[in-house]
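K.L.:
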Amino acid sequence: MSSEPWTIERIGVALGSPALTQSFLGQINRAPAHELLTVFAKWERIAKDTVAAVERGRKLAAYDARGEAAPGPWIDATDRIRTAADRSRASGAA
Numbered sequence: 055m056s057s058e059p060w061t062i063e064r065i066g067v068a069l070g071s072p073a074l075t076q077s078f079l080g081q082i083n084r085a086p087a088h089e090l091l092t093v094f095a096k097w098e099r100i101a102k103d104t105v106a107a108v109e110r111g112r113k114l115a116a117y118d119a120r121g122e123a124a125p126g127p128w129i130d131a132t133d134r135i136r137t138a139a140d141r142s143r144a145s146g147a148a
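For the sequence shown, my numbering gives the first residue as 55, with consecutive numbering after it.
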């Protein structure tokens, strides 16, 4: 992870999604002066979490590419996720 300071531009790039970046920019641009740091800190945390998740995903993909099992304990949540997705589709959310 880079040691560069977080800026509005860097957060926008780290979010990795044009829609998410637009949401961030909209919130930061509409925030009253006394709320700017709070809004910035919220999105900085989201950007940091996104960057960390991408890095974890790349590491896991490297294991998969080598045909190795990913390290650590894993819980198979496939059925739980399918059930939740089915419920979501049934309610018209998806």
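The C-beta atom is built at its ideal place from N, Cα and C for all residues, glycine as well. This structure is a prediction, so every number in the text was calculated from the model and none was measured.
Could you tell me whether the stretch 122-136 touches the stretch 81-97, using the rule of 3 or more Cβ pairs below 8 Å?
P.N.:
no
K.L.:
Ends of the alpha helix (DSSP H) at S145?
P.N.:
Start at 1 with the first residue of the sequence shown, and residue 145 comes out as number 91. Element bounds for S145: n/a, residue is neither H nor E.
K.L.:
Tell me the residue span of the alpha helix (DSSP H) that contains S77.
P.N.:
Position 23 of the sequence shown holds residue 77. Unbroken alpha helix (DSSP H) run through S77: 72-84.
K.L.:
Which residue comes first and which comes last in the alpha helix (DSSP H) that contains A115?
P.N.:
As a working note, residue 115 is residue 61 in the sequence shown. For A115, the uninterrupted alpha helix (DSSP H) run begins and ends at 90-119, by DSSP.
K.L.:
At least one CB of chain D closer than 8 Å to the CB of G111: is that the case?
P.N.:
Structure shown: chain D not included; a single protein chain is present.
K.L.:
How would you call G111, buried or exposed, if buried means at least 16 neighbouring beta carbons within 10 angstroms?
P.N.:
Indexing the sequence shown from 1 puts residue 111 at position 57. Answer is exposed; the Cβ neighbour count stays below 16.
K.L.:
What separation, rounded to the nearest whole angstrom, lies between the Cα atoms of S77 and D140?
P.N.:
For the purposes of this step, residue 77 is identified with residue 23 of the sequence shown, where counting begins at 1. For the purposes of this step, residue 140 is identified with residue 86 of the sequence shown, where counting begins at 1. Distance between the alpha carbons of S77 and D140: 28 Å.
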